[in-house]
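Structure first, commentary second.
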Amino acid sequence: MFKRLLTIIAALAMLLFGFTTPALAATTIDPAAAPTGTHLQTGSIGCTVDDVDLSVTCSEYELAGVGNANAEATLIASYTATVQCRNHGGKIVEVKSQLETVPSTTGKLEPKNGRLTVPSLTSAPVPSDEDFEALATCPNGNWTKEMLEGSVELSSFTYTLHFVGYTGNYITITG
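Positions -25 to -1, 1 to 150 (mature numbering (1 follows the signal peptide of the UniProt record, and there is no 0)) are the ones given, in order, by the sequence shown.
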């Protein structure tokens, strides 16, 4: 009975708070790629993956000690899916997985009083079935392209924060 109650509570919590999990990612911070004294002021640096739609969201944070150095944050997520080709006789031929990238950027970020607010970035929208089907090539142009249900996967993502005038990225998160 107690186990069942915990399961119900956990399910309700997932509905209320969404289906996101911290991304299994590697985070690298390179102090040489930022003004001397740059440090995290508020927030946390990290990315999560939505378990339902597979979108990647990287959190908002504020850096201090950046002087007046401009920066830009970028998130690139790559997705794969399997498209099948069906001939008029019903025979199915599997086409290789297709790769679709979804880039997002903050554009130029300008600091105020030595502080830089970096907004959150999301890889939405995740490519649609039509996007993957458009990339696929069937052996015969008369065959019908069909997405293999449940085959869309997040294959990787890379988040970077780059300061203008510096070599390399200050923050790199890969997953």
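The C-beta atom is built at its ideal place from N, Cα and C for all residues, glycine as well.
Check: Inter-stretch contact (C-beta, 8 angstroms, three-pair minimum) for the region 31 to 38 and the region 112 to 126; Outcome: no
Check: Residue range of the unbroken beta strand (DSSP E) whose run includes Asp25; Outcome: 22 to 25
Check: Buried versus exposed call for Thr148 [16 or more other C-beta atoms within 10 Å across all chains shown]; Outcome: The question names Thr, but residue 148 is Ile in the sequence shown. Under this definition Ile148 is a buried residue.
Check: Collapsed DSSP secondary structure at Glu128 in the structure displayed; Outcome: strand
Check: Cutoff 6 angstroms; reference Thr13; Cβ partners in own chain excluding five residues on either side; Outcome: Leu38, Gly40, Val41
Check: Ile4 beta carbon less than 8 angstroms from that of residue 151; Outcome: Shown here, the chain extends from -25 to 150; a query on residue 151 therefore has no answer.
Check: Buried versus exposed, by CB contacts within 10 Å (16 or more), Val70; Outcome: buried
Check: Any chain C beta carbon closer than 8 angstroms to Asn88; Outcome: No chain C appears in this structure, which consists of one protein chain only.
Check: Three-way DSSP call (helix, strand, coil) for Pro6 in this model; Outcome: helix
Check: Close Cβ partners of Lys83 (< 7 angstroms) along its chain, the five nearest in sequence each way excluded; Outcome: Asn45, Glu47
Check: The region 47 to 58 contacting the region 125 to 140, beta-carbon criterion three pairs below 8 angstroms; Outcome: yes
Check: Between the CA atoms of Ala56 and Ser126 - distance to the nearest angstrom; Outcome: 5 angstroms
Check: Cβ pair Val31, Ala52 closer than 8 angstroms; Outcome: yes
Check: C-alpha gap between Leu129 and Leu29, whole angstroms; Outcome: 6 angstroms
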